Amino acid sequence: MKMTFRWYGEKDDTITLRQIKQIPGMDGVVGALYDVPVGEVWPLEEIAAQADAARAAGLSYETVESINVHEDIKLGLPTRDRYIENYIKSLKNAAKCGVNVVCYNFMPIFDWTRTDLAKPLYDGSTALAFDYHVIAGKSPRQMADEILSHSNGYVLPGWEPERLGELGRLFDAYEGMGEEDLRSNLGYFLKAVIPACEELGIRMTIHPDDPPRSVFGLPRIVKNERDLDKIVKLADSPSNSLCICTGSLGSNRDNDIPHIVRKFGRMDRIGFMHVRNIQVHEPWVFNEVAHKSKFGSLDIYDIMRALWEVGYEGPVRPDHGRMIWDEKGRPGYGLFDRALGANYLCGLWDAICRENSQ
Ligand code: DNO
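My numbering numbers the first residue of the sequence shown as 925 and each following residue consecutively.
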């Protein structure tokens, strides 16, 4: 595995490449262009500038998260072909800059959803949390406004203001759309994009729905093992891969993450790993915690062991961290707790490799 760290670029991140490089065991950054509107082409020069900066700091630049998918593609509108063409142009530009893993999601309207961006934990740290009872009493607009107003002034990944400005229109457009329709739109997208990826040496990795259930009645199709089975069949190629986000899938306790890693890893269909821990209090009520297994509901050791067993060589990143040591930063994406998380994952990995080399 290659340990990586999500970086929002010189303009958008308070964390520097130098700080990232100083995290023990860090191989590279996971980049993205946050100021390119969804659906437009990522300019070659801008990707190259980010990749060059990372490499100059001694970090690899092979993964981007996310090239977001335009809503017209998810909705299956006639205009989707134009956005798919643009998507392929972005992939070509990314490949020219040495990118070989592209993360994306296929969640209608909202990317990840939380009801609290700074829930106090027992030790004075704060973490992201979700409580379905809270969301049940809110309108999508109220939830979006709350998330944006608690983001400490940072743009949050997947919460682009231009999309959120059109919530009413988008909800109308999804009216009556079921899971099968959405999956067929994903199939259409993959059929167009995967042959290009095969030529470019890129693995597309779809991120699970977070949380893995419908919110506000919108369809969701990346929730569990059954959904993942259907996705890998939509295009039979390692370029059509999965991003296994342990915290997203793991918030449904029926999802056995080590089993999912072993199964899809053996099929060579995992292209990216987001590893983090969560504490599930009751179905659909959870908060994020430190990465260490004993603080949450997930067995991070067994997940890393499963990755080792399947010979996983792709990127892994510590996912969301808590806010600790009075850090003020982008919710979920501060420096300190993610650095601790990376160090814990590297420690587990070293021990697993060592135990098994005798
Ligand atoms: C949240 C992230 C997601 C993820 C996208 C992938 O922190 O895990 O925004 O990047 O869903 O497309």
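A virtual CB, placed ideally from N, CA and C, is assigned to each residue, including glycine. Here the structure is a predicted model, which is why all the values come from computation and not from measurement.
Start-to-end residues for the alpha helix (DSSP H) that takes in residue i
{"i": "E1070", "result": "P1064 to S1073"}
{"i": "K945", "result": "L941 to K945"}
{"i": "L1094", "result": "L1091 to Y1098"}
{"i": "Y958", "result": "Note, Y958: premise wrong, no alpha helix (DSSP H); not H, not E."}
{"i": "L1173", "result": "T1170 to G1174"}
{"i": "V1234", "result": "First-last for V1234: undefined, no H or E at that position."}
{"i": "V1025", "result": "From DSSP, V1025 is part of no alpha helix (DSSP H) but of the beta strand (DSSP E) over V1025 to Y1028."}
{"i": "R1004", "result": "R1004 to K1020"}
{"i": "D996", "result": "E995 to L999"}
{"i": "P1182", "result": "I1181 to R1190"}
One or two residues paired with residue i in a DSSP bridge
{"i": "M1247", "result": "T1050"}
{"i": "K926", "result": "P1239"}
{"i": "V965", "result": "Looking at the DSSP assignment, V965 forms no beta bridge with any residue, so it has no partner."}
{"i": "I1126", "result": "DSSP lists no partner for I1126."}
{"i": "N884", "result": "Residue numbering for the chain in the displayed model covers 925 to 1282; residue 884 lies beyond these limits and cannot be assessed."}
{"i": "D1055", "result": "V1209"}
Residues of its chain near residue i, where Cβ-Cβ distance is below 8 angstroms and the 5 sequence neighbours each way are ignored
{"i": "S1172", "result": "W1036, H1131, P1132, D1133, D1134, P1135, P1136 and H1198"}
{"i": "G1253", "result": "T938, I939, N1076, Y1078, M1247 and L1259"}
{"i": "F1219", "result": "N1201, Q1203 and V1213"}
Close-in-space but distant-in-sequence residues of the same chain around residue i (CB under 7 angstroms, 5 per side omitted)
{"i": "M1228", "result": "L1269, L1272, W1273 and I1276"}
{"i": "K945", "result": "A981, G982 and L983"}
{"i": "R1241", "result": "T928, F929, R930, V954 and H1198"}
{"i": "L1231", "result": "M925, V1185, G1189 and M1197"}
{"i": "K1115", "result": "A1159"}
{"i": "D1055", "result": "T1039 and V1209"}
{"i": "K1020", "result": "L968"}
Same chain only: Cβ atoms within 6 angstroms of residue i, ignoring 5 sequence neighbours per side
{"i": "I947", "result": "A1263 and A1266"}
{"i": "D1223", "result": "S1217"}
{"i": "R1065", "result": "L1091"}
Element boundaries [beta strand (DSSP E), containing residue i]
{"i": "F1196", "result": "I1194 to V1199"}
{"i": "E1212", "result": "V1209 to V1213"}
{"i": "G952", "result": "G952 to G955"}
{"i": "Y985", "result": "S984 to E989"}
{"i": "D1274", "result": "No beta strand (DSSP E) holds D1274; the alpha helix (DSSP H) holding it covers F1260 to N1280."}
{"i": "P1044", "result": "D1040 to P1044"}
Anticipated Cβ contact below 8 angstroms, residue i with residue j, distance rounded
{"i": "N1109", "j": "G1256", "result": "Wrong, their Cβ atoms sit about 28 angstroms apart, outside the cutoff."}
{"i": "D1192", "j": "P1162", "result": "5 angstroms"}
Heavy atom of the ligand NAD within 7 angstroms of residue i beta-carbon
{"i": "Y932", "result": "Of the ligands this structure carries, namely the ligand DNO, none is the ligand NAD."}
Do the stretch 1015-1035 and the stretch 1093-1103 meet, that is, are 3 or more Cβ pairs less than 8 angstroms apart?
yes
Whether or not the stretch 1156-1168 and the stretch 1204-1221 are in contact is what I'm after, with contact meaning three or more pairs of Cβ atoms, one per stretch, closer than 8 angstroms; do they touch?
no
Taking contact to mean 3 or more Cβ pairs, one atom from each stretch, closer than 8 angstroms, check whether the stretch 1008-1026 and the stretch 1041-1054 are in contact.
no
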